[in-house]
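Structure first, then comments.
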Amino acid sequence: MSATGSRERGRPGSRLAVWLGIALALALLPGFRPGFAQDASVRAQADRTRVDEGGQVVLTIEISAANLGDVAPPDVSGIVDFDIVGGPMSSSRFQWINGRTSATKSFAYVLRPRKIGSLTIPPLGLLVGGKTYRTGSIEVEAIPGGGGSPGQRGMPPAQVQRGGPGQPSGPGQFGGAGRLGPPGRAQTPAEPAPQVTVVADVDTRTAYLGQQITLRVLLDTQTEILNLGMKDTPTFPGFWTEEIKLPENLEMRRVQRGTEVYNEYTLMKRALFPTGSGALTVPAMTYQIQVRRRSQDPIESFFFTPTETITRRTEPITIRVETLPVASRPPDFSGAVGNFTLTVNADRKETRVNDAIGIKVKIAGEGNLNAVSSPPLAELSDFKEYAPKVTSSSSVVGERLRGEKTWDYVLIPLAAGAQTIPPVSFSFFDPRAGQYRTVSSGAIPIQVARAADGSVGTGGTFVSQSDVRQLRKDIHFIKQAGDGLADRSRLFYRAPLFMALLVLPVVANLGVYVFTRRRESLHANARQRRERKARSQARRRLKDARRRLSPSTSRAFYAEVARALTEYVAAKFDAAAAGLTHDRIEELLASRGSADEDRREFHRCLEACDYARFAPTSSDDKEMRRSLHAAEEILVRLERSLSA
Amino acid sequence: MRRRRKALAGLLLLCSVVATRVARASTPRELFEAGNNAYEQERFNDAASSYEKILGYGVSDPRVLYNLANSYFKLGKLGAAILYYERALRLDPSDRDTRDNLDLARGLIRDRVTESEIPYPVKVVRDVLDGLSANLVGAFFLIVYLADGALVGLLLLARGPTRRRVLGYCAATVGLVALAGGVALAYKIEQVTAARAIVMADKVDVLSGPAADNTVLFTVHEGTRLEVRNRRDGWFQVSLPNAMSGWVPIGSVEKV
């Protein structure tokens with residue numbers, strides 16, 4: 026600020042120009058900030074390079090610059106060979122020499138070697154005025170023997186016990202000094218090192234998957250704690266974490282450790298649920314604690330509150346997590362670990378068709394219920410079921426997480442009558458007993474009356490129909506009737522009877538065929554014979570006719586001639602002579618292709634015979650001879666044409 | 091003295107007969123009822139052994155096979171359950187329960203074998219035929235066949251063109267029906283005699299040849315149905331409906 030003041034005075038001119046110039050100058054000054062450090066020098070030093078096992082080394086980091094603002098303590102996470110048992114204790118110093126100011130700030134840590142041998146304090150990073158600086162590394166040799174007594178612990182180096190207030194930093198700061206209950210009582214005023222320890226502890230180091238592990242972080246102190254905070258937000262990989270709320274004002278307990286009396290505060294409580302099996306680690310947590318420092322200077326003690334900030338780190342904790350047994354796992358187990366109760370309630374026991382009833386299924390108890398997802402109410406065929414409203418809550422009762430999960434079902438009865446909500450069962454793993462347990466509710470009878478708008482099924486009332494739903498599948502039941510058990514493995518088509526019956530029609534029809542052929546051939550032979558005999562028979566008839574060739578027997582004569590002619594045709598065509606009419610004879614003759622003339626002649630001859638037979642006058646001898654001759658002639662001609 | 095001895099011997103014989111009858115069921119019917127009782131009391135092992143005994147007597151009744159398959163199903167032996175459902179279906183393909191249970195059991199096995207798609211009319215005919223027993227189809231075919239034979243005989247004997255024509259048409263029609271019946275019977279015979287086998291082991295490697303040192307072509311699991319195509323030295327050549335084929339040891343499968 027003094028620089029800006031001198032510029033204002035040294036530049037006459039208009040007010041505006043002056044202010045603009047100031048603004049410009051401020052803007053152009055690189056990194057101008059109050060408390061800006063120009064050319065800071067950073068130095069780390071240890072008070073000794075050889076230390077006994079259990080002894081302590083004081084590490085001092087000193088930052089010098091012309092102008093020092095807020096300087097955060099260095100990052101000491103790289104120190105792995107030593108435990109940080111105290112610090113950082115910060116001090117500041119200002120000097121004014123010949124008009125030049127210089128400021129020096131130092132942080133001191135008390136380190137205890139973790140092992141014997143050549144140890145290294147690595148380069149430490151430091152942020153000063155927006156720039157990073159690194160210290161050099163320091164070699165320290167730890168030699169065995171002459172372990173440091175508890176009284177030596179936290180012995181601060183004298184040269185850093187001075188200066189301004191420490192800078193507790195980091196997120197998750199707990200309540201300020203005023204909220205920290207009664208001030209710690211100084212036990213040993215002569216001892217300047219504050220006795221502060223931070224310990225993390227769990228209630229069990231072996232657990233089942235999903236079982237609650239309670240983590241507590243305790244602070245034991247013999248001095249007054251003004252402020253404290255965590256360096257980083259704690260993370261617990263492999264665990265599902267639930268915070269256990271602590272009271273607004275940290276409670277203090279007085280504990281006796283050996284001869285010493287400490288004030289104990291619980292800094293943190295967490296319920297941890299392992300989500301994987303095997304060895305899981307609760308990582309170390311680093312606390313930065315601002316404590317009241319005992320000052321040798323009574324004036325300082327009176328007018329100021331001398332403080333210092335110290336860092337404490339808890340040890341990592343390894344927890345062995347076992348998987349849940351597989352062999353005895355119930356089929357409906359859905360991952361709940363703890364100890365739970367199940368209640369199922371219906372909001373009423375009597376309802377009507379289409380009037381909704383509410384079923385509340387509640388699982389409550391000690392353990393983490395977030396993993397339980399499957400709705401425990403089975404599907405019901407006579408109710409329409411809507412997706413349940415799921416509510417879950419958890420609370421911590423006496424360090425144990427209690428979960429409560431509720432499924433609110435709305436069921437619409439679809440059928441009247443005595444219905445039942447079947448028992449609901451829920452399985453969980455009880456880690457204390459080391460076994461699965463199943464709790465069940467009782468069945469709830471629901472009396473469903475017919476719908477409010479009248480009886481079900483009468484005309485006009487609306488009935489909402491739904492498909493019959495298959496709830497689950499199983500095989501059909503066994504066959505009951507044991508009557509007539511028999512070997513049914515014999516197959517009909519393999520029986521000899523089947524073959525015999527298959528062959529039977531073939532054989533039978535073959536027989537029939539042979540029989541008919543034979544009969545036909547016999548018949549044909551008879552016809553041939555008759556045909557062959559036709560002419561001789563006709564000749565015989567004509568001979569008989571000739572014998573009656575006299576006018577007195579003319580009728581008999583003509584009958585004989587007509588018979589000779591008709592029987593000839595009948596024999597030739599294998600037909601009955603009695604039924605042969607003139608037309609039929611014509612037909613038959615035509616069918617064998619005899620000439621028209623022959624047929625006409627035959628016809629005329631036959632007509633003449635008929636005429637003579639039935640005429641009242643008898644014929645004379647001459648005419649009869651002519652008729653006989655004509656008959657003989659036509660027969661000869663027919664014989665010729667039919668045989669051709 | 092001799093009479094007393096004879097009487098004693100007779101009494102002893104009678105006692106032993108009564109004792110055996112009381113001790114265990116001996117007729118197929120008693121065994122069937124004992125098996126059913128055991129099944130209802132969920133003693134599925136006892137039920138299965140009772141049903142097995144009935145089959146041991148040579149009484150191969152579809153109800154016994156069905157109940158045995160149910161017992162094996164309840165015991166979790168899917169392969170045996172499917173085997174006996176298949177055997178029951180061969181004897182009585184019209185039983186819906188058997189078909190449903192077989193479908194349910196098939197749905198639980200590991201392998202999913204997709205069968206080739208068949209056209210709708212063929213599927214309808216096949217479904218109808220699958221519901222009929224071979225004996226029924228055989229009887230139907232035989233009746234129609236004999237009727238056709240009689241018609242042909244009448245046709246041979248008939249005189250007169252009209253009668254012959256009518257008989258001819260009738261014989262031809264019935265002949266066609268008989269032909270269809272014959273085809274159906276042939277299908278049923280093929281179904282009943284087809285060499286099929288069910289995988290009984292949990293997992294069976296199907297090899298490229300009938301020896302253990304052959305390449306493993308694929309793996310089938312309990313309950314899968316295989317077509318048996320060949321047999322050689324304790325090995326079956328089997329194939330799946332999707333034409334994958336190879337050799338399995340005879341002991342790992344059971345023929346239907």
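Listed in order, the protein sequences are those of chains A and B.
Every position in the first sequence, counted from 1, becomes a number in my numbering once 25 is added.
Every position in the second sequence, counted from 1, becomes a number in my numbering once 90 is added.
Beta carbons: idealized from backbone N, C-alpha and C, even for Gly.
As the structure is a prediction and not an experimental result, all values here were calculated from the model.
| Query | Result |
| --- | --- |
| Cα-Cα separation, residue 412 of chain A to residue 435 of chain A | 8 Å |
| Residue 460 of chain A - DSSP class collapsed to helix/strand/coil | strand |
| Close Cβ partners of residue 161 of chain B (< 7 Å) along its chain, the five nearest in sequence each way excluded | 129, 134, 137, 138, 141 |
| Given 8 Å, three or more beta-carbon pairs between the stretch 292–309 of chain B and the stretch 265–282 of chain B | no |
| Cβ neighbour criterion (16 or more within 10 Å) applied to residue 506 of chain A | exposed |
| Residue environment, residue 423 of chain A, which counts as buried when at least 16 other CB atoms sit within 10 Å | exposed |
| Test: residue 183 of chain B CB closer than 8 Å to a CB of chain A | no |
| Partner residues on chain A for residue 275 of chain B, Cβ-Cβ distance less than 7 Å | 518 |
| Reference residue 77 of chain A, options A:118, A:166, A:269, closest by Cα | A:166 |
| Residue 311 of chain B - partner residues in DSSP beta bridges | B:293 |
| Rounded straight-line distance, which links the Cα of residue 391 of chain A to that of residue 111 of chain A | 41 Å |
| N-terminal and C-terminal residue of the beta strand (DSSP E) that residue 334 of chain A is part of | 332–338 |
| Cutoff 8 Å: residue 456 of chain A Cβ touching any chain B Cβ | no |
| Neighbour flag for residue 501 of chain A against chain B, beta carbons, 8 Å | yes |
| Opposing strand residues paired with residue 289 of chain A [DSSP bridges] | A:245, A:278 |
| Below-8 Å beta-carbon distance, residue 134 of chain B vs any chain A residue | no |
| Three-pair Cβ contact test at 8 Å for the stretch 149–158 of chain B versus the stretch 531–548 of chain A | no |
| Beta-carbon spacing of residue 537 of chain A, residue 257 of chain B below 8 Å | no |
| CA-to-CA distance, residue 365 of chain A to residue 171 of chain A, given in whole angstroms | At residue 171 of chain A, the pLDDT of 45 sits below 50, so the modelled position is not reliable and the matter cannot be decided from this model. |
| Residue(s) in a DSSP beta bridge with residue 226 of chain A | A:241 |
| Under 8 Å between C-beta atoms of residue 344 of chain B and residue 173 of chain B | yes |
| Minimum C-alpha distance to residue 19 of chain A - residue among A:634, A:386, A:664, A:531 | Since the first and last residues shown for chain A are 26 and 669, residue 19 of chain A lies out of range. |
| Contact under 8 Å by Cβ, residue 296 of chain A with residue 314 of chain A | no |
| Beta-carbon contacts of residue 372 of chain A that lie in its chain and below 7 Å, excluding the five residues immediately before and after | 382, 383 |
| Beta-carbon proximity list for residue 223 of chain B, same chain, < 7 Å, skipping 5 on both sides | 182, 183, 184 |
| CB contact check: residue 513 of chain A to chain B, cutoff 8 Å | yes |
| Proximity winner among A:337, A:465, A:136, relative to residue 246 of chain A (alpha-carbon distances) | A:337 |
| Neighbour flag for residue 144 of chain B against chain A, beta carbons, 8 Å | yes |
| Endpoints, the alpha helix (DSSP H) within which residue 567 of chain A is located | 521–572 |
| Any chain A beta carbon closer than 8 Å to residue 112 of chain B | Any reading at residue 112 of chain B needs caution, since the residue's pLDDT is 39, under 50, leaving its predicted position unreliable; the model's value is listed next. No, no contact with chain A. |
| Environment of residue 303 of chain B [buried if 16+ CB atoms lie within 10 Å] | exposed |
| Rounded separation between residue 512 of chain A and residue 502 of chain A - CA only | 22 Å |
| Residue-chain proximity (residue 495 of chain A, chain B), Cβ-Cβ < 8 Å | no |
| Burial state of residue 239 of chain B (16 or more Cβ within 10 Å) | buried |
| Check whether residue 591 of chain A and residue 602 of chain A have beta carbons under 8 Å apart | yes |
| Which of helix, strand or coil DSSP assigns to residue 320 of chain B | strand |
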